[in-house]
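Worksheet for the structure shown next.
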Amino acid sequence: MSYRWIATIALALLAGQIISQEQLTLNQAVRLALEHNGDLIASRLNTEAARARTDGAKSQYFPTVSPNYRYQTFATRANGQTTSGDSRVFDVSADWLALDTGQRNLSYQQARTSLSSSIEAQRFATKQLIFLTIRAYYDVTRRKELLRVAQASVERSQRLYDLAKFQADPAIGTAPQKDVLQAEADLANSQVQLISAQNSFETSTTELKRLIGWDLRKPLPELEPTPEIQPVADKPSLEQLWQVALRDRPDIRQEALSLQLQRLGLQSAKLRLLPSLQVVASGVSRIDPNRSDTGQISVVASYPLFDAGLTRANHREAQASYDAARYRYEQSERDAQAEVEQTLLNYTESERRAEASKKAVAAAQKNYEAARDSLAEGAGTVIEVLTAQVSLVTAETSFIQAVYDFYVAELQLRLAIGADLPEEKQ
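In terms of my numbering, the sequence shown is residues 10 to 435.
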(Lines of atoms letter the chains of each structure in order from A and count residues from 1; the text may use other names and numbers.)
(Lines give C-alpha, C1' and ligand atoms only; values in the text may rest on other atoms or scores of the structure.)
Protein backbone atom coordinates (compact mmCIF):
# COMPACT_ATOMS: atom_id res chain seq x y z
CA MET A 1 0.00 0.00 0.00
CA SER A 2 1.46 3.39 -0.96
CA TYR A 3 2.04 6.23 1.47
CA ARG A 4 -0.57 8.29 -0.35
CA TRP A 5 -3.23 5.65 0.32
CA ILE A 6 -2.17 5.48 3.96
CA ALA A 7 -2.45 9.26 4.27
CA THR A 8 -5.87 9.23 2.59
CA ILE A 9 -7.20 6.55 4.94
CA ALA A 10 -5.78 8.33 7.98
CA LEU A 11 -7.36 11.60 6.89
CA ALA A 12 -10.71 9.88 6.34
CA LEU A 13 -10.53 8.36 9.82
CA LEU A 14 -9.68 11.75 11.26
CA ALA A 15 -12.61 13.37 9.45
CA GLY A 16 -14.89 10.62 10.75
CA GLN A 17 -13.63 11.22 14.25
CA ILE A 18 -14.33 14.94 13.93
CA ILE A 19 -17.87 14.35 12.68
CA SER A 20 -18.60 11.71 15.32
CA GLN A 21 -17.40 14.02 18.08
CA GLU A 22 -19.31 16.97 16.57
CA GLN A 23 -16.43 19.20 17.63
CA LEU A 24 -13.44 20.52 15.76
CA THR A 25 -10.55 21.01 18.16
CA LEU A 26 -7.75 23.45 17.58
CA ASN A 27 -5.19 20.70 16.97
CA GLN A 28 -7.49 18.94 14.52
CA ALA A 29 -7.95 22.17 12.56
CA VAL A 30 -4.18 22.64 12.36
CA ARG A 31 -3.66 19.06 11.18
CA LEU A 32 -6.27 19.51 8.44
CA ALA A 33 -4.56 22.71 7.29
CA LEU A 34 -1.16 21.00 7.16
CA GLU A 35 -2.66 18.18 5.09
CA HIS A 36 -4.45 20.34 2.53
CA ASN A 37 -2.34 23.46 1.98
CA GLY A 38 -0.84 23.44 -1.52
CA ASP A 39 1.92 25.97 -0.75
CA LEU A 40 3.19 23.82 2.11
CA ILE A 41 3.11 20.69 -0.04
CA ALA A 42 5.10 22.57 -2.70
CA SER A 43 7.62 23.62 -0.03
CA ARG A 44 8.09 19.98 0.98
CA LEU A 45 8.66 19.00 -2.64
CA ASN A 46 11.20 21.81 -3.02
CA THR A 47 13.07 20.32 -0.08
CA GLU A 48 13.05 16.91 -1.73
CA ALA A 49 14.40 18.46 -4.93
CA ALA A 50 17.20 20.16 -2.97
CA ARG A 51 18.01 16.83 -1.29
CA ALA A 52 18.25 15.19 -4.72
CA ARG A 53 20.61 17.96 -5.91
CA THR A 54 22.78 17.34 -2.86
CA ASP A 55 22.98 13.64 -3.68
CA GLY A 56 23.90 14.57 -7.25
CA ALA A 57 26.69 16.88 -6.08
CA LYS A 58 28.03 14.18 -3.75
CA SER A 59 28.25 11.73 -6.63
CA GLN A 60 31.11 13.79 -8.11
CA TYR A 61 33.45 12.27 -5.52
CA PHE A 62 32.90 8.76 -6.86
CA PRO A 63 33.89 7.07 -10.13
CA THR A 64 31.39 6.41 -12.88
CA VAL A 65 31.22 2.88 -14.28
CA SER A 66 29.39 2.21 -17.56
CA PRO A 67 28.93 -1.15 -19.30
CA ASN A 68 28.83 -0.64 -23.08
CA TYR A 69 27.64 -2.94 -25.82
CA ARG A 70 28.02 -2.01 -29.49
CA TYR A 71 26.78 -3.99 -32.46
CA GLN A 72 27.52 -3.07 -36.08
CA THR A 73 26.51 -4.66 -39.34
CA PHE A 74 27.86 -3.61 -42.73
CA ALA A 75 27.63 -4.42 -46.43
CA THR A 76 30.00 -3.31 -49.21
CA ARG A 77 29.44 -3.77 -52.95
CA ALA A 78 32.41 -3.42 -55.32
CA ASN A 79 33.06 -4.84 -58.80
CA GLY A 80 29.80 -6.73 -58.70
CA GLN A 81 30.62 -8.42 -55.44
CA THR A 82 29.01 -7.80 -52.07
CA THR A 83 30.88 -8.16 -48.84
CA SER A 84 28.95 -8.12 -45.56
CA GLY A 85 29.60 -8.82 -41.92
CA ASP A 86 29.02 -7.65 -38.40
CA SER A 87 30.94 -6.91 -35.23
CA ARG A 88 30.16 -6.99 -31.54
CA VAL A 89 32.02 -5.20 -28.79
CA PHE A 90 31.27 -5.43 -25.08
CA ASP A 91 33.35 -3.46 -22.59
CA VAL A 92 33.19 -1.66 -19.26
CA SER A 93 34.52 1.88 -18.93
CA ALA A 94 35.30 3.77 -15.73
CA ASP A 95 36.17 7.42 -15.08
CA TRP A 96 37.12 9.14 -11.84
CA LEU A 97 37.99 12.72 -11.10
CA ALA A 98 40.78 12.09 -8.63
CA LEU A 99 41.79 15.69 -8.00
CA ASP A 100 40.71 19.22 -8.80
CA THR A 101 41.40 22.67 -7.40
CA GLY A 102 38.33 22.78 -5.15
CA GLN A 103 35.39 23.33 -7.50
CA ARG A 104 33.92 19.92 -6.73
CA ASN A 105 34.05 20.54 -2.99
CA LEU A 106 32.50 23.99 -3.36
CA SER A 107 29.73 22.56 -5.51
CA TYR A 108 28.90 19.98 -2.85
CA GLN A 109 28.95 22.59 -0.06
CA GLN A 110 26.63 24.82 -2.09
CA ALA A 111 24.19 21.95 -2.57
CA ARG A 112 24.22 21.11 1.15
CA THR A 113 23.69 24.76 2.08
CA SER A 114 20.85 25.03 -0.41
CA LEU A 115 19.23 21.95 1.16
CA SER A 116 19.49 23.47 4.64
CA SER A 117 17.95 26.67 3.30
CA SER A 118 15.05 24.71 1.79
CA ILE A 119 14.46 22.98 5.12
CA GLU A 120 14.31 26.34 6.90
CA ALA A 121 11.96 27.68 4.21
CA GLN A 122 9.70 24.69 4.83
CA ARG A 123 9.80 25.35 8.58
CA PHE A 124 8.91 28.98 7.98
CA ALA A 125 5.99 28.05 5.70
CA THR A 126 4.76 25.53 8.27
CA LYS A 127 4.88 28.06 11.09
CA GLN A 128 3.10 30.69 9.03
CA LEU A 129 0.32 28.28 8.08
CA ILE A 130 -0.14 27.12 11.67
CA PHE A 131 -0.26 30.73 12.84
CA LEU A 132 -2.85 31.71 10.23
CA THR A 133 -4.97 28.66 11.03
CA ILE A 134 -4.95 29.20 14.79
CA ARG A 135 -5.65 32.90 14.37
CA ALA A 136 -8.59 32.07 12.08
CA TYR A 137 -9.81 29.50 14.63
CA TYR A 138 -9.63 32.11 17.39
CA ASP A 139 -11.36 34.61 15.13
CA VAL A 140 -14.33 32.29 14.66
CA THR A 141 -14.69 31.77 18.40
CA ARG A 142 -14.18 35.51 18.97
CA ARG A 143 -16.91 36.40 16.46
CA LYS A 144 -19.21 33.81 17.99
CA GLU A 145 -18.79 35.41 21.42
CA LEU A 146 -19.39 38.87 19.97
CA LEU A 147 -22.48 37.51 18.22
CA ARG A 148 -23.73 36.23 21.57
CA VAL A 149 -23.22 39.70 23.07
CA ALA A 150 -25.10 41.30 20.18
CA GLN A 151 -27.99 38.85 20.53
CA ALA A 152 -28.21 39.49 24.27
CA SER A 153 -28.18 43.23 23.59
CA VAL A 154 -31.12 42.90 21.18
CA GLU A 155 -33.06 40.86 23.75
CA ARG A 156 -32.42 43.45 26.47
CA SER A 157 -33.36 46.28 24.12
CA GLN A 158 -36.56 44.47 23.16
CA ARG A 159 -37.54 44.01 26.82
CA LEU A 160 -36.75 47.65 27.55
CA TYR A 161 -38.79 48.81 24.57
CA ASP A 162 -41.75 46.69 25.67
CA LEU A 163 -41.47 48.07 29.19
CA ALA A 164 -41.23 51.66 27.94
CA LYS A 165 -44.35 51.19 25.80
CA PHE A 166 -46.17 49.72 28.76
CA GLN A 167 -45.20 52.55 31.09
CA ALA A 168 -45.98 55.20 28.45
CA ASP A 169 -49.50 53.88 27.99
CA PRO A 170 -51.99 56.62 28.88
CA ALA A 171 -53.66 54.22 31.27
CA ILE A 172 -50.40 53.81 33.16
CA GLY A 173 -48.77 57.18 32.61
CA THR A 174 -45.54 56.54 34.51
CA ALA A 175 -43.16 57.31 31.61
CA PRO A 176 -43.11 59.97 28.88
CA GLN A 177 -43.59 59.08 25.22
CA LYS A 178 -40.04 60.18 24.39
CA ASP A 179 -38.74 57.21 26.38
CA VAL A 180 -40.49 54.92 23.93
CA LEU A 181 -38.80 56.65 21.01
CA GLN A 182 -35.42 56.41 22.72
CA ALA A 183 -35.92 52.71 23.47
CA GLU A 184 -37.10 52.09 19.91
CA ALA A 185 -33.97 53.77 18.49
CA ASP A 186 -31.77 51.70 20.80
CA LEU A 187 -33.53 48.51 19.68
CA ALA A 188 -32.96 49.40 16.02
CA ASN A 189 -29.28 50.11 16.67
CA SER A 190 -28.92 46.79 18.49
CA GLN A 191 -30.47 44.97 15.55
CA VAL A 192 -27.99 46.66 13.18
CA GLN A 193 -25.11 45.55 15.41
CA LEU A 194 -26.51 42.03 15.41
CA ILE A 195 -26.57 41.93 11.60
CA SER A 196 -22.96 43.12 11.49
CA ALA A 197 -21.89 40.56 14.11
CA GLN A 198 -23.63 37.77 12.20
CA ASN A 199 -21.86 38.74 8.97
CA SER A 200 -18.46 38.90 10.71
CA PHE A 201 -19.04 35.44 12.18
CA GLU A 202 -19.95 33.97 8.79
CA THR A 203 -16.97 35.53 6.97
CA SER A 204 -14.54 34.33 9.66
CA THR A 205 -16.02 30.83 9.39
CA THR A 206 -15.49 30.88 5.62
CA GLU A 207 -11.85 31.87 6.11
CA LEU A 208 -11.24 29.00 8.53
CA LYS A 209 -12.87 26.56 6.11
CA ARG A 210 -10.55 27.79 3.35
CA LEU A 211 -7.44 27.31 5.44
CA ILE A 212 -8.26 23.78 6.61
CA GLY A 213 -9.66 22.57 3.28
CA TRP A 214 -13.22 22.17 4.58
CA ASP A 215 -16.12 21.93 2.13
CA LEU A 216 -17.54 25.46 1.99
CA ARG A 217 -21.04 24.06 1.53
CA LYS A 218 -20.91 22.11 4.79
CA PRO A 219 -21.14 23.66 8.25
CA LEU A 220 -18.24 23.45 10.64
CA PRO A 221 -18.58 21.33 13.78
CA GLU A 222 -18.62 23.15 17.09
CA LEU A 223 -15.26 24.63 18.04
CA GLU A 224 -13.76 23.91 21.43
CA PRO A 225 -14.12 26.70 24.01
CA THR A 226 -11.14 28.90 24.69
CA PRO A 227 -9.65 28.37 28.18
CA GLU A 228 -9.30 31.20 30.66
CA ILE A 229 -6.12 33.23 30.63
CA GLN A 230 -3.48 31.82 32.95
CA PRO A 231 -1.04 34.57 33.96
CA VAL A 232 2.65 33.72 33.74
CA ALA A 233 4.61 34.62 36.84
CA ASP A 234 8.17 34.54 35.52
CA LYS A 235 8.29 36.12 32.08
CA PRO A 236 11.59 35.99 30.17
CA SER A 237 13.35 39.26 29.47
CA LEU A 238 13.50 40.88 26.05
CA GLU A 239 17.17 39.95 25.73
CA GLN A 240 16.43 36.29 26.50
CA LEU A 241 13.65 36.23 23.91
CA TRP A 242 15.91 37.84 21.34
CA GLN A 243 18.63 35.25 21.87
CA VAL A 244 16.05 32.48 21.35
CA ALA A 245 14.81 34.20 18.17
CA LEU A 246 18.34 34.58 16.83
CA ARG A 247 18.91 30.87 17.36
CA ASP A 248 15.56 29.38 16.32
CA ARG A 249 13.75 31.68 13.87
CA PRO A 250 13.68 29.93 10.47
CA ASP A 251 13.70 33.15 8.45
CA ILE A 252 16.87 34.40 10.19
CA ARG A 253 18.51 31.02 9.76
CA GLN A 254 17.48 31.02 6.11
CA GLU A 255 19.05 34.46 5.60
CA ALA A 256 22.23 33.23 7.30
CA LEU A 257 22.31 30.22 4.97
CA SER A 258 21.68 32.50 1.99
CA LEU A 259 24.69 34.55 3.06
CA GLN A 260 26.76 31.38 3.36
CA LEU A 261 25.58 30.27 -0.09
CA GLN A 262 26.65 33.57 -1.63
CA ARG A 263 30.02 33.31 0.15
CA LEU A 264 30.57 29.90 -1.44
CA GLY A 265 29.57 31.36 -4.80
CA LEU A 266 32.14 34.11 -4.34
CA GLN A 267 34.84 31.55 -3.52
CA SER A 268 33.91 29.61 -6.64
CA ALA A 269 34.16 32.77 -8.76
CA LYS A 270 37.60 33.52 -7.27
CA LEU A 271 38.81 30.02 -8.13
CA ARG A 272 37.88 30.59 -11.77
CA LEU A 273 40.30 33.52 -11.85
CA LEU A 274 43.18 31.18 -10.98
CA PRO A 275 44.82 28.33 -12.89
CA SER A 276 42.86 25.09 -12.59
CA LEU A 277 44.13 21.53 -12.36
CA GLN A 278 42.30 18.26 -12.89
CA VAL A 279 43.59 14.72 -12.53
CA VAL A 280 41.30 12.15 -14.16
CA ALA A 281 41.81 8.39 -14.05
CA SER A 282 39.97 6.36 -16.69
CA GLY A 283 40.03 2.85 -18.01
CA VAL A 284 38.30 0.45 -20.38
CA SER A 285 38.07 -3.30 -19.91
CA ARG A 286 37.07 -5.09 -23.12
CA ILE A 287 35.37 -8.40 -22.52
CA ASP A 288 34.28 -9.42 -26.01
CA PRO A 289 35.50 -10.21 -28.64
CA ASN A 290 39.05 -10.04 -27.33
CA ARG A 291 39.89 -9.56 -23.69
CA SER A 292 41.93 -6.39 -23.12
CA ASP A 293 42.41 -3.72 -20.48
CA THR A 294 43.36 -0.10 -21.07
CA GLY A 295 44.00 2.54 -18.43
CA GLN A 296 45.19 6.12 -18.41
CA ILE A 297 45.69 9.10 -16.15
CA SER A 298 45.06 12.57 -17.55
CA VAL A 299 46.44 15.73 -16.02
CA VAL A 300 44.80 18.89 -17.35
CA ALA A 301 45.95 22.37 -16.35
CA SER A 302 44.30 25.49 -17.71
CA TYR A 303 44.23 29.24 -17.19
CA PRO A 304 41.59 31.74 -18.38
CA LEU A 305 44.03 33.89 -20.33
CA PHE A 306 41.41 35.69 -22.39
CA ASP A 307 37.63 35.44 -22.34
CA ALA A 308 36.69 39.06 -23.09
CA GLY A 309 36.29 39.79 -19.35
CA LEU A 310 33.65 37.12 -18.69
CA THR A 311 35.39 35.51 -15.70
CA ARG A 312 36.11 38.83 -13.99
CA ALA A 313 32.55 40.00 -14.63
CA ASN A 314 31.27 36.83 -12.99
CA HIS A 315 33.51 37.53 -10.01
CA ARG A 316 32.17 41.08 -9.67
CA GLU A 317 28.63 39.72 -9.86
CA ALA A 318 29.37 37.16 -7.13
CA GLN A 319 30.91 39.87 -4.93
CA ALA A 320 27.86 42.11 -5.34
CA SER A 321 25.51 39.21 -4.59
CA TYR A 322 27.47 38.38 -1.44
CA ASP A 323 27.39 42.00 -0.25
CA ALA A 324 23.63 42.17 -0.91
CA ALA A 325 23.07 38.96 1.07
CA ARG A 326 25.13 40.35 3.95
CA TYR A 327 23.03 43.52 4.12
CA ARG A 328 19.81 41.50 3.89
CA TYR A 329 20.95 39.34 6.79
CA GLU A 330 21.79 42.36 8.94
CA GLN A 331 18.42 43.94 8.13
CA SER A 332 16.57 40.71 8.90
CA GLU A 333 18.17 40.68 12.35
CA ARG A 334 17.05 44.26 13.01
CA ASP A 335 13.54 43.53 11.74
CA ALA A 336 13.28 40.41 13.88
CA GLN A 337 14.52 42.21 16.98
CA ALA A 338 11.91 44.94 16.50
CA GLU A 339 9.22 42.32 15.92
CA VAL A 340 10.12 40.48 19.13
CA GLU A 341 9.98 43.72 21.12
CA GLN A 342 6.66 44.78 19.58
CA THR A 343 5.01 41.40 20.12
CA LEU A 344 6.22 41.31 23.72
CA LEU A 345 4.67 44.74 24.31
CA ASN A 346 1.42 43.62 22.68
CA TYR A 347 1.41 40.44 24.77
CA THR A 348 1.90 42.35 28.03
CA GLU A 349 -0.64 45.02 27.09
CA SER A 350 -3.34 42.54 26.09
CA GLU A 351 -2.85 40.56 29.31
CA ARG A 352 -3.30 43.69 31.42
CA ARG A 353 -6.24 44.82 29.28
CA ALA A 354 -7.98 41.46 29.68
CA GLU A 355 -7.60 41.60 33.45
CA ALA A 356 -8.95 45.16 33.64
CA SER A 357 -11.84 44.54 31.24
CA LYS A 358 -12.93 41.50 33.27
CA LYS A 359 -13.44 43.79 36.26
CA ALA A 360 -15.23 46.29 34.02
CA VAL A 361 -17.70 43.60 32.90
CA ALA A 362 -18.53 42.70 36.50
CA ALA A 363 -19.07 46.36 37.41
CA ALA A 364 -21.13 47.08 34.28
CA GLN A 365 -23.31 44.03 34.92
CA LYS A 366 -24.11 45.19 38.45
CA ASN A 367 -24.78 48.72 37.20
CA TYR A 368 -27.16 47.44 34.52
CA GLU A 369 -29.03 45.20 36.94
CA ALA A 370 -29.41 48.09 39.40
CA ALA A 371 -30.73 50.44 36.70
CA ARG A 372 -33.08 47.77 35.37
CA ASP A 373 -34.48 46.98 38.79
CA SER A 374 -34.91 50.67 39.58
CA LEU A 375 -36.90 51.16 36.39
CA ALA A 376 -39.07 48.17 37.18
CA GLU A 377 -39.78 49.64 40.61
CA GLY A 378 -40.64 53.02 39.10
CA ALA A 379 -37.63 54.78 40.61
CA GLY A 380 -35.45 54.88 37.50
CA THR A 381 -35.68 56.08 33.92
CA VAL A 382 -35.30 54.50 30.51
CA ILE A 383 -32.30 56.73 29.81
CA GLU A 384 -30.50 55.33 32.85
CA VAL A 385 -31.13 51.77 31.69
CA LEU A 386 -30.03 52.58 28.14
CA THR A 387 -26.82 54.15 29.43
CA ALA A 388 -26.14 51.15 31.66
CA GLN A 389 -26.84 48.77 28.78
CA VAL A 390 -24.42 50.58 26.48
CA SER A 391 -21.77 50.39 29.19
CA LEU A 392 -22.41 46.67 29.62
CA VAL A 393 -22.18 45.93 25.90
CA THR A 394 -19.01 48.01 25.64
CA ALA A 395 -17.45 46.20 28.61
CA GLU A 396 -18.40 42.75 27.31
CA THR A 397 -17.09 43.56 23.84
CA SER A 398 -13.85 44.97 25.23
CA PHE A 399 -13.35 41.89 27.40
CA ILE A 400 -13.87 39.47 24.50
CA GLN A 401 -11.55 41.47 22.27
CA ALA A 402 -8.90 41.65 24.99
CA VAL A 403 -9.01 37.91 25.69
CA TYR A 404 -8.59 36.92 22.06
CA ASP A 405 -6.04 39.67 21.47
CA PHE A 406 -4.06 38.07 24.30
CA TYR A 407 -4.18 34.62 22.72
CA VAL A 408 -3.20 35.98 19.32
CA ALA A 409 -0.40 38.05 20.90
CA GLU A 410 0.85 34.96 22.74
CA LEU A 411 0.85 33.06 19.45
CA GLN A 412 2.62 35.92 17.67
CA LEU A 413 5.27 36.00 20.36
CA ARG A 414 5.96 32.28 19.93
CA LEU A 415 6.14 32.83 16.19
CA ALA A 416 8.45 35.83 16.61
CA ILE A 417 11.02 33.87 18.64
CA GLY A 418 10.79 30.71 16.51
CA ALA A 419 9.27 28.54 19.25
CA ASP A 420 7.35 25.38 18.35
CA LEU A 421 3.67 25.83 17.54
CA PRO A 422 0.88 23.26 18.02
CA GLU A 423 1.21 20.25 15.69
CA GLU A 424 4.44 21.60 14.16
CA LYS A 425 6.45 18.47 14.99
CA GLN A 426 3.81 16.03 13.73
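Don't be surprised by glycine CBs; every beta carbon is placed ideally from N, CA and C. Predicted, not measured: the structure shown is a model, and the values here were computed from it.
ask   = Buried or exposed: residue 442, going by 16 or more other Cβ atoms within 10 Å of its Cβ?
value = As displayed, the chain neither begins before 10 nor continues past 435, which places residue 442 out of reach and without an answer.
task = Kindly indicate which three-state DSSP category residue 312 falls into: helix, strand or coil?
result = The residue given as residue 312 occupies position 303 in the sequence shown. In this structure, residue 312 counts as coil in the three-state DSSP scheme.
ask   = For residue 258, which residues from the same chain have a beta carbon less than 8 angstroms from its beta carbon, with the 5 sequence-adjacent residues on both sides left out?
value = Working through the sequence shown from its first residue, we reach residue 258 at position 249. 345, 425, 426 and 427.
ask   = Quick one, which of 419, 60 and 136 has its alpha-carbon nearest residue 260's?
value = Against the sequence shown, residue 260 aligns to sequence position 251. Nearest C-alpha to residue 260: 136.
ask   = In three-state DSSP terms, what is residue 150?
value = In the sequence shown, counting from the first residue as 1, residue 150 sits at position 141. DSSP places residue 150 in helix when its eight states are reduced to three.
ask   = Residue range of the beta strand (DSSP E) that residue 77 falls in?
value = Sequence index remark: in the sequence shown, residue 77 carries index 68 (1-based). That run of the beta strand (DSSP E) goes 73 to 87.
Proximal residues to residue 170 (C-beta, below 7 angstroms), its chain only, five neighbours per side dropped = If you number the sequence shown from 1, residue 170 lands on position 161. The beta carbon of residue 170 is closer than 7 angstroms to those of 192, 193 and 196 in its chain, skipping five residues each way along the sequence.
ask   = What number of angstroms, rounded off, separates the C-alpha of residue 224 from the C-alpha of residue 133?
value = Counting from one through the sequence shown, the residue named residue 224 turns up at place 215. Counting from one through the sequence shown, the residue named residue 133 turns up at place 124. So the two alpha carbons sit approximately 27 angstroms from each other.
ask   = What's the gap between the Cα of residue 273 and the Cα of residue 115?
value = One-based indexing of the sequence shown puts residue 273 at position 264. One-based indexing of the sequence shown puts residue 115 at position 106. Their Cα atoms are separated by approximately 7 angstroms.
ask   = Any idea if residue 309 is buried or exposed, counting beta-carbon neighbours within 10 angstroms, 16 or more meaning buried?
value = By one-based count along the sequence shown, residue 309 stands at place 300. Exposed is the call here.
ask   = Measuring CB to CB, does residue 293 end up less than 7 angstroms from residue 102?
value = For the purposes of this step, residue 293 is taken as residue 284 along the sequence shown, with counting starting at 1. For the purposes of this step, residue 102 is taken as residue 93 along the sequence shown, with counting starting at 1. Yes.
Counted within 10 angstroms of its Cβ, other Cβ atoms place residue 354 as buried (16 or more) or exposed = By one-based count along the sequence shown, residue 354 stands at place 345. When all chains shown are included, residue 354 counts as exposed.
task = Rank 317, 351 and 405 by C-alpha distance to the C-alpha of residue 377 and give the top, closest one.
result = Locating residue 377 in the sequence shown gives position 368, counting from the first residue. Ranking 317, 351 and 405 by Cα distance to residue 377 puts 405 first.
key: Close Cβ partners of residue 328 (< 8 angstroms) along its chain, the five nearest in sequence each way excluded   = Indexing the sequence shown from 1 puts residue 328 at position 319. Excluding residues within five positions, the ones whose Cβ falls inside 8 angstroms are 275 and 278.
query = If you draw a straight line from the C-alpha of residue 247 to the C-alpha of residue 364, how long is it?
reply = Stepping through the sequence shown from its first residue, residue 247 is reached at position 238. Stepping through the sequence shown from its first residue, residue 364 is reached at position 355. Taking the straight line from one Cα to the other gives about 22 angstroms.
N- and C-terminal bounds of the alpha helix (DSSP H) containing residue 200 = By 1-based counting over the sequence shown, the position of residue 200 is 191. It spans 186 to 221 - the alpha helix (DSSP H) in which residue 200 sits, taken as one unbroken run.
query = Within 10 angstroms of its Cβ, does residue 188 collect 16 or more other Cβ (buried), or is it exposed?
reply = The residue labelled residue 188 in the question sits at position 179 within the sequence shown. Buried, since its Cβ has 16 or more Cβ neighbours within 10 Å.
Run of the alpha helix (DSSP H) containing residue 410, from where it starts to where it stops = On the sequence shown, position 401 is the one that residue 410 refers to. Per DSSP, residue 410 belongs to the alpha helix (DSSP H) from 391 to 426.
query = From which residue to which residue does the beta strand (DSSP E) around residue 94 run?
reply = Numbered from its first residue, the sequence shown carries residue 94 at position 85. Here the beta strand (DSSP E) through residue 94 covers 90 to 108.
inquiry  = Three or more C-beta pairs under 8 angstroms: does that hold for the segment 234 to 245 against the segment 92 to 111?
reply    = no
inquiry  = Taking the alpha carbon of residue 397 as the reference point, which residue from 373, 302 and 124 has its own alpha carbon closest?
reply    = The residue you call residue 397 lines up with position 388 of the sequence shown. Cα-wise, what sits closest to residue 397 is 373.
query = Just checking my contact of residue 268 with residue 125 at CB under 8 angstroms: how many whole Å lie between their CB atoms?
reply = By 1-based counting over the sequence shown, the position of residue 268 is 259. By 1-based counting over the sequence shown, the position of residue 125 is 116. No, residue 268 and residue 125 are not in contact; Cβ-Cβ is about 12 angstroms, not under 8 angstroms.
key: The alpha helix (DSSP H) enclosing residue 274, as first and last residue numbers   = The count along the sequence shown starts at 1 and reaches residue 274 at position 265. That run of the alpha helix (DSSP H) goes 259 to 280.
task = Enumerate in chain order the residues of its own chain whose CB-to-CB distance from residue 288 is below 6 angstroms, with the five nearest sequence positions on each side excluded.
result = Numbered from 1 along the sequence shown, position 279 holds the residue referred to as residue 288. Excluding positions up to five away in sequence, the list reads 107, 108 and 308.
query = On the three-pair Cβ rule with 8 angstroms, is the segment 154 to 171 touching the segment 89 to 104?
reply = no
ask   = Applying the criterion that 16 or more other CB atoms from any shown protein chain within 10 Å of the CB defines a buried residue, is residue 421 buried or exposed?
value = Here residue 421 refers to the residue found at position 412 when the sequence shown is read from its first residue. Flag for residue 421 reads buried.
key: Inter-residue spacing [alpha-carbon to alpha-carbon] between residue 148 and residue 216   = Within the sequence shown, numbered from 1, the residue matching residue 148 stands at position 139. Within the sequence shown, numbered from 1, the residue matching residue 216 stands at position 207. Going from the Cα of residue 148 to the Cα of residue 216 covers about 9 angstroms.
ask   = So the alpha helix (DSSP H) residue 351 belongs to, where does it begin and stop?
value = One-based indexing of the sequence shown puts residue 351 at position 342. Where residue 351 is concerned, the enclosing alpha helix (DSSP H) stretches over 319 to 385.
query = Nearest to residue 304 by alpha carbon, out of 286, 313 and 291?
reply = Here residue 304 refers to the residue found at position 295 of the sequence shown. Nearest C-alpha to residue 304: 291.
task = Tell me where the beta strand (DSSP E) around residue 287 begins and ends.
result = Start at 1 with the first residue of the sequence shown, and residue 287 comes out as number 278. Run containing residue 287: 285 to 297, per the beta strand (DSSP E) assignment.
task = Look at the alpha carbon of residue 35 and the alpha carbon of residue 251, and state the distance between them as a whole number of angstroms.
result = Looking up residue 35 in the sequence shown gives position 26. Looking up residue 251 in the sequence shown gives position 242. Approximately 28 angstroms between the Cα atoms of the pair.
inquiry  = Quick test of your reading: residue 381 and residue 370, contact by CB under 8 angstroms. State the CB separation rounded to the nearest angstrom.
reply    = Sequence index remark: in the sequence shown, residue 381 carries index 372 (1-based). Sequence index remark: in the sequence shown, residue 370 carries index 361 (1-based). Rounded, the Cβ-Cβ distance is 16 angstroms, inconsistent with contact.
Identified DSSP bridge partners for residue 302 = Counting from 1 along the sequence shown, the entry for residue 302 is found at position 293. DSSP, once it has assigned bridges, lists 294 as partnering residue 302.
query = Below 7 angstroms between beta carbons: does that hold for residue 221 and residue 430?
reply = Counted from its first residue, the sequence shown places residue 221 at position 212. Counted from its first residue, the sequence shown places residue 430 at position 421. Cβ distance not < 7 angstroms, so residue 221 and residue 430 don't count as in contact.
query = If you follow the alpha helix (DSSP H) that residue 469 is part of, which residue opens it and which one closes it?
reply = There is no way to answer for residue 469, as the model of the chain reaches only from 10 to 435.
Sub-7 angstroms separation of residue 253 and residue 203 beta-carbons = As a position in the sequence shown, residue 253 is number 244, starting the count at 1. As a position in the sequence shown, residue 203 is number 194, starting the count at 1. The answer is no: Cβ separation not under 7 angstroms.
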